[in-house]
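Participant: Supplied in structure tokens, the structure appears directly below.
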Amino acid sequence: MDFETLAAGLNCTPPAIDDFPSDLLSEDERRKGAILVHILVSLYLFVALAVVCDNYFVPAVEKICHALNMSVDVAGATFMAAATSAPELFVNVIGTFITEGDIGVGTIVGSAVFNILAVAACCGISAGMCGVKVIPLDWWPLTRDCLAYGITVSILICIIHDERIEWYEALILVLLYIIYILIMYFDKSIQKWARRGIKHLKGSKQSKIVSISQEHSVVNNSSVNESYNPKSEEINNDNNIVNDIDTNNKQSHLNGSVKGNSEQLEMKSEIKLELSSRDTEEQLPFWKWPSENGTFRQLMWIVTWPIRLVFFLTIPDCEKPKLKKWFPITFLMCIIWIGSLSYIVAWMITIIGDTLRIPDSVMGITFLAAGTSVPEAVSSVIVTRQGHGSMGISNSIGSNTFDILLCLGLPWFIKATFMPTLPGKHWVGINSAGIEYSAISLLSSLLILYGAFALNKFRLDKRVGLICLLMYGVFLLLASLIELNVFFRVNLPTCDR
Numbered sequence: 001m002d003f004e005t006l007a008a009g010l011n012c013t014p015p016a017i018d019d020f021p022s023d024l025l026s027e028d029e030r031r032k033g034a035i036l037v038h039i040l041v042s043l044y045l046f047v048a049l050a051v052v053c054d055n056y057f058v059p060a061v062e063k064i065c066h067a068l069n070m071s072v073d074v075a076g077a078t079f080m081a082a083a084t085s086a087p088e089l090f091v092n093v094i095g096t097f098i099t100e101g102d103i104g105v106g107t108i109v110g111s112a113v114f115n116i117l118a119v120a121a122c123c124g125i126s127a128g129m130c131g132v133k134v135i136p137l138d139w140w141p142l143t144r145d146c147l148a149y150g151i152t153v154s155i156l157i158c159i160i161h162d163e164r165i166e167w168y169e170a171l172i173l174v175l176l177y178i179i180y181i182l183i184m185y186f187d188k189s190i191q192k193w194a195r196r197g198i199k200h201l202k203g204s205k206q207s208k209i210v211s212i213s214q215e216h217s218v219v220n221n222s223s224v225n226e227s228y229n230p231k232s233e234e235i236n237n238d239n240n241i242v243n244d245i246d247t248n249n250k251q252s253h254l255n256g257s258v259k260g261n262s263e264q265l266e267m268k269s270e271i272k273l274e275l276s277s278r279d280t281e282e283q284l285p286f287w288k289w290p291s292e293n294g295t296f297r298q299l300m301w302i303v304t305w306p307i308r309l310v311f312f313l314t315i316p317d318c319e320k321p322k323l324k325k326w327f328p329i330t331f332l333m334c335i336i337w338i339g340s341l342s343y344i345v346a347w348m349i350t351i352i353g354d355t356l357r358i359p360d361s362v363m364g365i366t367f368l369a370a371g372t373s374v375p376e377a378v379s380s381v382i383v384t385r386q387g388h389g390s391m392g393i394s395n396s397i398g399s400n401t402f403d404i405l406l407c408l409g410l411p412w413f414i415k416a417t418f419m420p421t422l423p424g425k426h427w428v429g430i431n432s433a434g435i436e437y438s439a440i441s442l443l444s445s446l447l448i449l450y451g452a453f454a455l456n457k458f459r460l461d462k463r464v465g466l467i468c469l470l471m472y473g474v475f476l477l478l479a480s481l482i483e484l485n486v487f488f489r490v491n492l493p494t495c496d497r
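Residue numbers (the UniProt record's numbering): 1 to 497.
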């Protein structure tokens, strides 16, 4: 249970809604249907977050990485990860420093499961719908990212086991992120070593088979020619040539596909440029009515026009040639907008949960997690449809490592070290004991995903997508029931106001 609440002598959890400004609508009005206003505002702000991240923040981060001459490895593990995970980071900052509740950790745990299972489900199902029945996956980036993330989740489970995060435990998460960057930096060498080891194992098995067949041939033909069999050697030479050709073909295929994090990010940049040029041609005109683009695009033009106008007036577009040197201002304005929008989103979600009597952790795991992860899901689906399934899946899994190690670790470390709630108590409390069970189920979902890919010979298809979708639904159901105290008590009741 919450140590801070128990220390204050309370047997209930203070409502998080008290940490936000007063709502314009009363609780009675919200219960009679006005809560729909907050739901619509939340959905609209999710769209706004996606627009500011994709159209302004990511290009600004790319400009910064280019200006600093950063390698694609380090840039991808730092600035680019921060760009795609900015909403989760700000939500946890709000949950740690303002509401001091579980909405931040719940959002990150929930978005992690969404990125693992729901994104894989969307990629597999959409690939089947667009006519691509099977998408091959490269085993190395998936294995690397799943292993790194599995270790990260295991450490998170150990840290939150006692429902409190000490300052040194939060520091461990931050230091692990630095180690993660170093591993990604040397990924090319590690990958060569791993592929060479797999190739050596396969070569050993093939040599054993050839040796057995040679012995069998010698025994059968000893009466004909005991010392030398030119035909047998010729066949063996041919087999070796075939094996060499097959090995070279496999190696060239691996070299031509996603090869290591560095080349993966380079390919991702090329795809993004390709998408950007295509989107520039097909993007919604800002001042011109899209009369020939269909009803849906016309509706989206109307819905998104106000936020696009506000961003156009307040954020310089550094992708335009005249404003390409303004990327520091673009970056700063994006930080301000993402922080502000994340605060309002957390406020709206807290009001919705308070009105419906749903704990913050449940709202974070479900609605807020899905809303903040929509941009990553859309980008992964687009990349997967182009045939780069490994990139789409690895991107979603890799961003989860950043979410836990830095989006959780850094705010926790600052809060516990410099701003403890109780003097001398340098730790951050977890209100819900159910978060630990959700994290354990997160590790289970990762094992299920990797197992499904391994059993399917690292191929993504509609069948794997449906399995992942089913497992995501099961996770949401179990996590919500646990947080609602259905199986056992993990949450203290909310205090009456």
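Note that beta-carbon positions come from the ideal geometry of N, C-alpha and C, so glycine has one too.
Nearest by alpha-carbon distance to leucine 477: which of Gly451, Gly465 and Tyr437 is it?
Facilitator: One-based indexing of the sequence shown puts residue 477 at position 477. Nearest of Gly451, Gly465 and Tyr437 to leucine 477, Cα basis: Tyr437.
Participant: Round the Cβ separation of isoleucine 482 and isoleucine 116 to the nearest angstrom and send it over; I've been treating them as touching at under 8 angstroms.
Facilitator: Your numbering for residue 482 matches position 482 in the sequence shown. Your numbering for residue 116 matches position 116 in the sequence shown. Contact flag wrong, Cβ pair sits at about 19 angstroms.
Participant: With C-beta atoms as the reference, is leucine 460 less than 8 angstroms away from alanine 127?
Facilitator: In the sequence shown, residue 460 corresponds to position 460, counting from 1. In the sequence shown, residue 127 corresponds to position 127, counting from 1. Cβ distance < 8 angstroms, so leucine 460 and alanine 127 count as in contact.
Participant: When DSSP builds the beta bridges, which residues end up paired with isoleucine 404?
Facilitator: Indexing the sequence shown from 1 puts residue 404 at position 404. Answer by DSSP bridge pairing: none, since isoleucine 404 is not bridged.
Participant: Are the beta-carbon atoms of phenylalanine 20 and glycine 371 separated by less than 8 angstroms?
Facilitator: The residue you call residue 20 lines up with position 20 of the sequence shown. The residue you call residue 371 lines up with position 371 of the sequence shown. Not closer than 8 angstroms, so no.
Participant: Check each candidate in Asn11, Leu24, Thr13 and Cys12 and name the one with the smallest Cα separation from tryptophan 347.
Facilitator: Along the sequence shown, one-based indexing puts residue 347 at 347. Of Asn11, Leu24, Thr13 and Cys12, the residue nearest in Cα terms is Leu24.
Participant: Taking C-beta to C-beta, are valine 105 and leucine 422 nearer than 8 angstroms?
Facilitator: Within the sequence shown, the letter at position 105 stands for residue 105. Within the sequence shown, the letter at position 422 stands for residue 422. Their beta carbons are not under 8 angstroms apart, which means valine 105 does not touch leucine 422 by this criterion.
Participant: Can you grab the Cα-Cα spacing for the pair valine 486 / alanine 479, in whole Å?
Facilitator: Counting from one through the sequence shown, the residue named residue 486 turns up at place 486. Counting from one through the sequence shown, the residue named residue 479 turns up at place 479. Going by the C-alpha atoms only, they are around 10 angstroms apart.
Participant: Looking at the C-beta of valine 303, does it have a partner C-beta in chain D at a distance below 8 angstroms?
Facilitator: Although the question refers to chain D, the structure presented lacks it and comprises just one protein chain.
Participant: For leucine 176, I'd like the list of residues in its chain whose CB is within less than 6 angstroms of its CB, leaving aside the five on either flank, ordered along the chain.
Facilitator: Numbered from its first residue, the sequence shown carries residue 176 at position 176. Correct list, in chain order: Leu405.
Participant: Would you list the one or two residues that DSSP bridges to glutamate 166?
Facilitator: Here residue 166 corresponds to residue number 166 of the sequence shown, with the count starting at 1. In the DSSP assignment, the residues bridged to glutamate 166 are Trp427.
Participant: When DSSP labels each residue in this structure, what does threonine 421 get in the three-state scheme?
Facilitator: Along the sequence shown, read from residue 1 onward, the residue named residue 421 stands at position 421. Three-state DSSP puts threonine 421 in coil, outside helix and strand.
Participant: Taking 6 angstroms as the limit between beta carbons, can you name the residues of its chain near valine 93, skipping five residues before and five after?
Facilitator: Along the sequence shown, read from residue 1 onward, the residue named residue 93 stands at position 93. Excluding sequence positions up to five before and after valine 93, its CB lies within less than 6 angstroms of the CB of Pro411, all in the same chain and listed in chain order.
Participant: May I have a chain-ordered list of the alpha helix (DSSP H) segments no shorter than 4 residues that lie completely inside the stretch 24 to 92?
Facilitator: 35 to 52, 58 to 67, 72 to 77 and 79 to 84
Participant: Compare the beta carbon distance of isoleucine 435 and valine 109 with 8 angstroms and say whether it is the shorter of the two.
Facilitator: Here the question's residue 435 lines up with position 435 in the sequence shown. Here the question's residue 109 lines up with position 109 in the sequence shown. Yes, the Cβ-Cβ distance between isoleucine 435 and valine 109 is below 8 angstroms.
Participant: By how many angstroms is the C-alpha of valine 52 removed from the C-alpha of cysteine 318?
Facilitator: Position 318 of the sequence shown, counted from the start, is the residue given in the question as residue 318. Position 52 of the sequence shown, counted from the start, is the residue given in the question as residue 52. Those two C-alpha atoms are separated by around 13 angstroms.
Participant: Within a Cβ cutoff of 6 angstroms, which residues of the same chain sit near arginine 297, ignoring the five residues on either side of it in sequence?
Facilitator: Position 297 of the sequence shown, counted from the first residue, corresponds to residue 297. Within the same chain, arginine 297 has close Cβ partners Pro290.
Participant: Have a look at proline 13 and valine 490 and give me their C-alpha separation to the nearest angstrom.
Facilitator: Numbered from its first residue, the sequence shown carries residue 13 at position 13. Numbered from its first residue, the sequence shown carries residue 490 at position 490. According to the sequence as given, residue 13 is threonine; it is not proline. Taking the straight line from one Cα to the other gives about 12 angstroms.
Participant: Determine, using beta carbons only, whether cysteine 495 and alanine 60 come nearer to each other than 8 angstroms.
Facilitator: Your numbering for residue 495 matches position 495 in the sequence shown. Your numbering for residue 60 matches position 60 in the sequence shown. Against a cut-off of 8 angstroms, the Cβ pair of alanine 60 and cysteine 495 comes out as no contact.
Participant: Could you give the DSSP three-state label for proline 141: helix, strand or coil?
Facilitator: Sequence index remark: in the sequence shown, residue 141 carries index 141 (1-based). Of the three classes helix, strand and coil, the one that applies to proline 141 here is helix, per DSSP.
Participant: How many angstroms separate the CA atom of threonine 96 from the CA atom of aspartate 354?
Facilitator: Locating residue 96 in the sequence shown gives position 96, counting from the first residue. Locating residue 354 in the sequence shown gives position 354, counting from the first residue. The straight-line gap from Cα to Cα measures roughly 18 angstroms.
Participant: Which term fits aspartate 138, buried or exposed, when burial requires 16 or more other beta carbons within 10 angstroms of its beta carbon?
Facilitator: As a working note, residue 138 is residue 138 in the sequence shown. By the neighbour-count rule (16 or more Cβ atoms within 10 Å), aspartate 138 is buried.
Participant: Determine the direct distance from the alpha carbon of lysine 325 to that of proline 316, and round the result to whole angstroms.
Facilitator: Translated into positions along the sequence shown, residue 316 becomes position 316. Translated into positions along the sequence shown, residue 325 becomes position 325. Taking the straight line joining both Cα atoms gives about 10 angstroms.
Participant: Just curious, the alpha helix (DSSP H) that aspartate 354 is in, first and last residue?
Facilitator: For the purposes of this step, residue 354 is taken as the residue at position 354 of the sequence shown. 327 to 355 is the extent of the alpha helix (DSSP H) around aspartate 354.
Participant: With burial defined as no fewer than 16 other Cβ atoms inside 10 Å of the residue's Cβ, what is the status of phenylalanine 488: buried or exposed?
Facilitator: To locate residue 488, count along the sequence shown from 1; it is residue 488. By the 10 Å Cβ count, phenylalanine 488 comes out exposed.
Participant: Counting C-beta neighbours from all protein chains within 10 Å, is the total for phenylalanine 90 16 or more, i.e. buried, or is it exposed?
Facilitator: Numbered from 1 along the sequence shown, position 90 holds the residue referred to as residue 90. Buried: at least 16 other Cβ atoms inside 10 Å.
Participant: Could you check the C-alpha separation between aspartate 28 and isoleucine 35 for me, to the nearest Å?
Facilitator: One-based indexing of the sequence shown puts residue 28 at position 28. One-based indexing of the sequence shown puts residue 35 at position 35. Going by the C-alpha atoms only, they are around 10 angstroms apart.
Participant: Looking at the strands, I want to know which residues DSSP matches up with proline 136.
Facilitator: Looking up residue 136 in the sequence shown gives position 136. DSSP, once it has assigned bridges, lists Arg459 as partnering proline 136.
Participant: Here's a check: name, in chain order, each residue in its chain whose Cβ is nearer than 7 angstroms to the Cβ of tryptophan 167, leaving out the five neighbours to either side.
Facilitator: In the sequence shown, residue 167 corresponds to position 167, counting from 1. Taken in chain order, the residues that qualify are Phe413, Ala416, Thr417, His426 and Trp427.
Participant: Take phenylalanine 453 as the anchor and find which of Val378, Arg308, Pro141 and Asn11 has the nearest alpha-carbon.
Facilitator: Counting from 1 along the sequence shown, the entry for residue 453 is found at position 453. For the residues Val378, Arg308, Pro141 and Asn11, the minimum Cα distance to phenylalanine 453 belongs to Pro141.
Participant: To the nearest angstrom, how far is it from the Cα of serine 342 to the Cα of serine 390?
Facilitator: Taking the first residue of the sequence shown as position 1, residue 342 is located at position 342. Taking the first residue of the sequence shown as position 1, residue 390 is located at position 390. Their Cα atoms are separated by approximately 30 angstroms.
Participant: Can you check DSSP and say which residues form a bridge with threonine 494?
Facilitator: The residue labelled residue 494 in the question sits at position 494 within the sequence shown. Partner(s): Thr13.
Participant: Whole angstroms are fine: how far does the CA of threonine 304 sit from the CA of threonine 295?
Facilitator: Here residue 295 refers to the residue found at position 295 of the sequence shown. Here residue 304 refers to the residue found at position 304 of the sequence shown. Inter-residue distance for threonine 295 and threonine 304 is about 14 angstroms (C-alpha atoms, whole angstroms).
Participant: How would you write the range of the alpha helix (DSSP H) that arginine 308 sits in, first residue to last?
Facilitator: To locate residue 308, count along the sequence shown from 1; it is residue 308. Looking at the DSSP string, the run of the alpha helix (DSSP H) that includes arginine 308 is 294 to 314.
Participant: Under a three-way DSSP split, which group does aspartate 317 fall into?
Facilitator: Along the sequence shown, one-based indexing puts residue 317 at 317. Aspartate 317 falls in the coil class under three-state DSSP.
Participant: Report yes if the CB atom of glycine 392 is closer than 8 angstroms to the CB atom of serine 373, and no otherwise.
Facilitator: Looking up residue 392 in the sequence shown gives position 392. Looking up residue 373 in the sequence shown gives position 373. No, Cβ-Cβ distance for glycine 392 and serine 373 is not below 8 angstroms.
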